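In my numbering, the protein residues as written are 10 to 149. Virtual Cβ for every residue (Gly too), placed ideally from N, Cα, C. This structure is a prediction, so every number in the text was calculated from the model and none was measured.
See below:
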């Protein structure tokens with residue numbers, strides 16, 4: 010009985026993994042139909058807003074300015090800026106009531122496309138996984 014349940018559970022996780030991997034590959038070329046952030050916004054009554062703009066429609070100077078202000082090491086890291094994460098952890102230990110994040114653009118993208126907003130270790134763990142996946146599949 011337990012072996013059968015375990016077998017089915019493994020099969021469900023395998024199907025979920027295959028589905029999300031195919032979805033991530035598809036999103037390399039296709040804008041997401043809806044992101045988790047948009048879905049939560051819609052469900053909570055804020056409405057569904059999405060105005061996708063192609064990168065070539067944005068000034069290269071603006072793109073560079075956004076990257077420089079948000080994640081200076083974006084071209085050089087593989088999804089995680091370990092130094093910034095350590096600095097944020099040290100800061101948060103000193104000032105636990107005023108938390109500071111150390112997320113990269115890749116991590117923020119993973120969170121906004123696949124996960125919910127908010128702070129929890131479960132979401133952060135999933136964010137690490139999805140960041141790793143999009144860095145491999147999507148690249149920079």
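Residue 147 sits close to residue 37, with the two beta carbons spaced by under 8 Å. A residue is called buried when at least 16 other Cβ atoms come within 10 angstroms of its Cβ; residue 116 meets this threshold and is buried. Taking C-alpha positions only, residue 13 is separated from residue 134 by approximately 29 Å.
If you check the CB distance, residue 139 and residue 114 do not come in under 8 Å. Membership of residue 32 in the alpha helix (DSSP H) is indicated by the continuous run 11-35.
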